[in-house]
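To start, the structure under review is shown below, and the notes come after it.
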Amino acid sequence: MIVAVAAVSQLVTRIFLGALMRRVPDKTLLAYAALMIAVSCALIAASHALAVFAVSQLVQGSARALFWTSSQTHAVRTSSSSVKGLTDVNLAAGLGSLMGPALAGYLWEVSAPLPLIVASVAGTAAVIPVVLLKKLPVFAPDHSNGGIFAGGLWRRPGVDAACWMNVGAGAWKSLLDSYVPIVLSFAGQSVTVIGILVSLANSAVLAGSLCGSWLRKRGNRISLLTGLLAAGVGLAAAGPLAGVAVAAAVALTVSGVGAGILQTVGPAIAADEVHPEDRGDALALTGTVRAAALLLTPCVMALLVSVIPVAAALVTAGVLITLPAARGNPRKDLPKQSRPPQSAPGEPRQQAQLEAPQKEVSDDN
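For the sequence shown, position 275 matches number 275 in the UniProt record's numbering, and the numbering has no gaps at all.
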């Protein structure tokens, strides 16, 4: 229950991030995120009191929301394409998620508080590279959509697909961290094998992210289908195959590739299909639905396991993830906005962004 505080904090923070990025530069938000992570870790290292732990989780949730959305917007605005910028961010994050637990385990053997102390120092030190980032203007309020829930942003062609992709990515991550190890354990797998299988799935996410640029060129519809079907079918297959380690490894690897596609291409689609000044709102929206999926998926699974076996519940959840792939969209060609050009001498940068030309990409969505 206490850990859920971080999820709720992240969700609430994301809701207001679109408006916040029209007032505060994303570079500044990244610096705040690094410092908040440092504070969160330092609090737990200093005290094991329940109230302190709750406050730490509250701060950590908000920090994660600030970090992910502001890093995504900064990457999108400074890269040659949205999907390239997001691929770089996700690859770096994926490598960190693989190396972090291993390093923490080693430090834990030396001293229990040491991993938290090192994490706090690392968070503080992260402010230094943030300061060196290029400073970009805030999103122009006069030309933005007005918020993640204003103007039917989530219903726009392309943005709606991106939201479903992020729901799938959030549900996949939530299941991998909670019920997948339980299913594997009930199937008789050892703790070591379970750890290897989960690590394999997380590693496959990197492969999915690497496929992002290639798949994005095939269109929104193909990206949606490939990501959702791979993530959902892979998870669904992992339920009945959990007793066979090799088969479970294949299923979880396929699902991990799908999740990597979803979490990389989904936000890229959202950023490409809106006005340049709406990118902050679009990325905040996709992050919000992902956070909601992370929070609600365990609740849905808890209801399912109350009436059916946990392996069957995992199959059901996998099938549910694939359902948005069945939806149709009459739009055949969706605009992909190019990188905003640098402003000419004497021309405001924001105006150059507002007048950025659009280029068409073929899409079967």
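Note that CB positions come from ideal geometry on N, CA and C, so glycine has one too.
None of the values given here were measured: they were computed from a predicted structure.
Judged by beta-carbon spacing, Leu30 lies within the 8 Å limit of Phe67, meaning their Cβ atoms are closer than that value.
Judged by DSSP secondary structure, Ser178 falls outside any alpha helix (DSSP H); it is assigned neither H nor E. In the three-state DSSP reduction, Leu241 falls in the coil class, being neither helix nor strand.
His74 sits in a helix when the DSSP states are folded into three classes. When rounded, the separation of the alpha-carbon atoms in Ala251 and Ala238 is 5 Å. For Met99, the uninterrupted alpha helix (DSSP H) segment begins and ends at Ser82 to Val110. The closest CA to that of Gly96, considering only Gln60, Trp108 and Ala122, is found on Ala122. Between Asn202 and Ala259, the alpha-carbon positions lie close to 9 Å from each other.
By the C-beta criterion, the segment 125-143 is judged not to be in contact with the segment 288-307, since fewer than 3 inter-stretch pairs fall below 8 Å. Under the three-state reduction of DSSP output, Val5 falls in the helix class. Minimum Cα-Cα distance from Leu323 among the listed residues Val310, Asp272 and Leu225 corresponds to Leu225.
With fewer than three CB-CB distances shorter than 8 Å, the segment 42-60 does not count as touching the segment 177-190. Collapsing the DSSP output to three states places Gln189 in coil. In this structure, DSSP gives Ile148 a state outside helix and strand, which the three-state scheme calls coil. With contacts defined as CB atoms closer than 8 Å, Ser82 and Ala291 fail to qualify as a contacting pair.
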